[in-house]
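K.L.:
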Amino acid sequence: MTSELMRMEQVEELKMQLEDEHLDLEQRLSLLNDGLNRALNMAALQAGGGALTRVKSQLYLSGVLSHCVHVLSVEPRRLRGLWSAAATLAHLTSSCCVGVEPGKHSEAFHRLFLPSVVDGLLSLAGQLMRRAECVSLLRKVMDSVGWLLRAQPQLSSQVLSSVHYEQIQMCDDVSVSVLCVQLWNQTCTSTRDFLKGLSDDSVLLLLNEAICQLAVSSDLAVGGASIRLILLMANQQELRVHRLLLSFRGLDSLLDKDWRGRGFDKDVDQLIAFIQSDKSTAGFSQASTEHVRAACVIQAAWRSYRTRRRVKSLNRAVSTLQRRYRARRRQQQQHREAQQWEEELKYQVCVRRQQARREFHQKQRRLLQLLPADQVQSYLQECERRAAVVIQSFWRGFRERRRYNHTQRHTLRQAHTQQQAARTLQRAVRCFLQKRRAAKAPPITPFWIGQSGLTDSRRAELKRQVEEYVSLHPSSRVSRQECERLHEEVQLLLLSELQRGDHQRRMEERTEALLAHTHTQLELLRDAPPLSVVTATDAESFLSPSGPIAARARDAHNAMLQASRLPWWRTL
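Going by numbering that gives the first Met the number 0, the first residue of the sequence shown is number 0, and it counts up by one from there.
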């Protein structure tokens with residue numbers, strides 16, 4: 000009882016010391032390593048295994064292990080120079096997590112705390128992997144991860160899907176690859192039911208890691224460890240592993256070509272025989288039956304969901320149909336009203352034309368009544384002559400336009416026919432000449448036949464030979480003086496193009512100025528007062544001091560007055 004109280008006091012004292020905010024990282028690491036070592040050693044010296052379990056549980060419940068995880072998860076730059084102490088703390092933390100009895104906090108311990116411990120250990124291993132002098136420390140941390148996995152197999156899926164573990168896997172160092180494979184070898188060897196607690200995805204990730212090492216690495220230690228790992232997995236779950244191995248096509252040929260004769264042919268032959276065996280027929284049939292049953296359940300759920308959604312959407316469909324029908328009927332009504340308005344407008348135009356014609360005839364009759372009798376006949380003859388001239392001019396214009404259109408259409412058709420015939424002849428001649436040249440030319444053997452491609456050294460050598468040939472045999476087609484002359488011509492053309500651009504820019508600015516002036520005049524006209532209240536000053540503001548503009552305005556006014564006196568048929 001006295002020793003139990005002493006252990007509790009030690010744990011509480013360690014917790015109080017860790018809560019001191021003035022401790023730096025080195026002091027905190029030293030304090031944790033010393034405190035955990037002392038507590039575990041005292042519990043191990045006592046008779047019975049219950050004392051060690053109680054100490055570990057008290058370390059977890061008091062929060063000391065949480066401090067350990069926090070220290071292991073700090074930034075790498077803060078751990079510089081403290082890698083040995085950090086590896087020791089990782090080993091002690093994993094030892095304390097094995098055999099803990101959290102009691103009512105069991106769910107939090109397994110779902111939150113243990114994954115955080117694994118993440119901290121893998122993060123530290125990823126930092127040690129980047130330093131060549133820390134290989135022994137990396138082995139110590141990986142042993143801690145394996146110790147934790149052997150006690151808690153459910154953490155394997157988190158290790159395989161961890162970002163830090165993926166970085167460790169991608170390391171090119173052979174010793175790191177051996178450590179990763181040996182981790183799973185030791186776990187499978189110590190726990191016979193290790194694969195039973197893993198999902199198919201986790202087992203597939205584990206197989207993928209081993210087979211990737213076989214395909215990438217050529218080291219004997221890595222290859223032997225990977226093959227032994229696959230055989231261990233096959234011994235635990237034969238049908239399951241065989242079914243997953245079938246997804247790696249060409250694995251048996253890879254083993255036969257690359258790993259036979261390397262010192263472990265017995266393991267290689269055993270693995271090849273296992274891959275090529277037909278022991279998983281029953282497993283495949285059972286798996287296919289389960290897949291069919293699952294597919295039926297999924298299809299039934301989907302059909303029921305689709306039926307419910309269709310029933311719910313019936314009301315929406317009915318409302319949509321009604322809305323579209325009303326919109327269509329409203330559109331048809333608007334079209335009928337627009338057609339009626341158009342017909343009414345045409346009718347009004349016809350009526351007004353008839354009224355204007357009647358008024359013109361009445362006016363002409365009144366004028367004839369006012370004329371003397373000897374001038375009536377000459378006036379009627381003059382009207383007939385004018386009407387005949389108008390009819391003849393319209394007829395001649397129509398005839399000439401029709402003749403011109405016919406002639407132009409015939410000319411265009413004839414030109415198109417000639418161009419098409421010329422293109423046909425040219426195409427036939429080109430094909431004939433090309434076939435003739437191809438028949439005369441000797442066959443060219445493709446340069447790539449019998450060659451396996453260019454290497455970098457061969458490509459560099461060919462490039463050097465081409466450059467030497469160009470320097471020794473300069474072109475005789477164009478001299479240096481000709482190049483300089485062409486350069487000067489291009490410079491002159493560029494200068495003329497820039498000058499033309501300046502002239503075009505000035506013309507655009509002038510056009511914009513005229514448009515602005517026109518818009519200003521239009522605004523003045525729009526804001527002008529009505530004629531009933533206009534004054535002499537307002538009238539003078541619209542007069543132009545320019546003589547040509549005033550003359551043009553006067554001519555336009557006279558033309559408008561003359562147009563108002565024309566007969567009705569001239570205004571149509």
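Note that CB positions come from ideal geometry on N, CA and C, so glycine has one too.
Here the structure is a predicted model, which means the values were calculated and not measured.
Using CA atoms only, rank isn't needed, just tell me which of 202, 492, 144 is closest to residue 246.
P.N.:
Measuring from the Cα of residue 246, the nearest candidate turns out to be 202.
K.L.:
Would residue 446 be called buried (16 or more neighbouring beta carbons within 10 Å of its own) or exposed?
P.N.:
Reliability fails at residue 446, whose pLDDT of 49 lies under 50, so the model's placement of it is uncertain and no value is given.
K.L.:
Residue ranges of each alpha helix (DSSP H) run of no fewer than 4 residues wholly in the region 103-150, ordered along the chain?
P.N.:
Within the region 103-150, the complete alpha helix (DSSP H) runs of at least 4 residues are 113-128, 134-150.
K.L.:
Start and end of the alpha helix (DSSP H) containing residue 50?
P.N.:
That run of the alpha helix (DSSP H) goes 49-61.
K.L.:
Would you kindly work out how many angstroms separate the C-alpha atoms of residue 537 and residue 513, rounded to a whole number?
P.N.:
Rounded to whole angstroms, residue 537 to residue 513 spans 23 Å at the Cα level.
K.L.:
Look up residue 156 in the DSSP assignment and say whether it is helix, strand or coil.
P.N.:
Helix.
K.L.:
If you count every other CB in all the chains shown that lies within 10 Å of the CB of residue 556, and 16 or more means buried, which is it?
P.N.:
By the 10 Å Cβ count, residue 556 comes out exposed.
K.L.:
Expressed to the nearest angstrom, what Euclidean distance is found between the alpha-carbon atoms of residue 568 and residue 320?
P.N.:
Rounded to whole angstroms, residue 568 to residue 320 spans 55 Å at the Cα level.
K.L.:
Rounded to the nearest angstrom, what separates residue 323 and residue 329 at their Cα positions?
P.N.:
For residue 323 and residue 329, the distance between alpha carbons rounds to 10 Å.
K.L.:
Please report how far the alpha carbon of residue 259 lies from the alpha carbon of residue 272, in whole angstroms.
P.N.:
Roughly 14 Å separates the two Cα atoms.
K.L.:
Roughly how many whole angstroms lie between the Cα atoms of residue 255 and residue 457?
P.N.:
So the two alpha carbons sit approximately 33 Å from each other.
K.L.:
Return helix, strand or coil for residue 556, following the three-state DSSP convention.
P.N.:
It is helical.
K.L.:
Within a Cβ cutoff of 8 Å, which residues of the same chain sit near residue 611, ignoring the five residues on either side of it in sequence?
P.N.:
Absent from the model: residue 611. The displayed extent of the chain is 0 to 571, so no value can be given.
K.L.:
Measuring CA to CA, which of 436, 421, 180 is closest to residue 227?
P.N.:
The shortest Cα separation from residue 227 among 436, 421, 180 belongs to 180.
K.L.:
Sort 504, 360, 263, 436 by Cα distance to residue 222 and report the nearest one.
P.N.:
The shortest Cα separation from residue 222 among 504, 360, 263, 436 belongs to 263.
K.L.:
So, using beta-carbon positions, are residue 194 and residue 232 closer together than 8 Å?
P.N.:
Yes. Within cutoff.
K.L.:
Alpha carbon to alpha carbon, what distance is there between residue 99 and residue 53?
P.N.:
Roughly 8 Å between the two C-alpha positions.
K.L.:
Could you confirm whether any beta carbon from chain D is found closer than 8 Å to the beta carbon of residue 558?
P.N.:
Chain labels in this structure do not include chain D; a single protein chain is all it has.
K.L.:
Can you confirm whether the region 73-93 touches the region 105-115 when touching is taken to mean that 3 or more C-beta pairs between the two stretches lie within less than 8 Å?
P.N.:
These segments do not touch.
K.L.:
Which runs of the beta strand (DSSP E) fall wholly inside the region 242-306 and span at least 3 residues, in chain order?
P.N.:
Runs found: none.
K.L.:
Verify whether the separation of the beta carbon atoms of residue 92 and residue 67 is less than 8 Å.
P.N.:
A contact, by the Cβ cut-off of 8 Å.
K.L.:
The alpha helix (DSSP H) spanning residue 232 covers which residue range?
P.N.:
Residues 219-235.
K.L.:
For a quick check, are the C-beta atoms of residue 151 and residue 113 less than 8 Å apart?
P.N.:
For residue 151 and residue 113, yes; Cβs fall inside 8 Å.
K.L.:
So, using beta-carbon positions, are residue 178 and residue 138 closer together than 8 Å?
P.N.:
Yes, the pair counts as a contact, with Cβ atoms nearer than the cut-off.
K.L.:
What does a CB cutoff of less than 7 Å around residue 155 pick up in its chain, not counting 5 residues either side in sequence?
P.N.:
Same-chain partners within the cutoff: 148, 197, 201.
K.L.:
So, is residue 416 buried or exposed, given that buried needs 16 or more other C-beta atoms within 10 angstroms?
P.N.:
Residue 416 should be labelled exposed.
K.L.:
Exposed or buried, which one is residue 51 when buried takes at least 16 other CB atoms within 10 Å?
P.N.:
Its Cβ being crowded by 16 or more others within 10 Å, residue 51 is buried.
K.L.:
Do residue 94 and residue 39 come within 8 Å of each other at the CB atom, strictly closer than that value?
P.N.:
In contact: residue 39 and residue 94 (Cβ atoms closer than 8 Å).
K.L.:
When the Cα of residue 244 is compared with those of 215, 234, 229, which residue comes out closest?
P.N.:
Considering only alpha carbons, the answer is 229.
K.L.:
Mind checking whether residue 205 and residue 250 have CB atoms under 8 Å apart?
P.N.:
Taking 8 Å as the Cβ cut-off, residue 205 and residue 250 do not qualify as a contacting pair.
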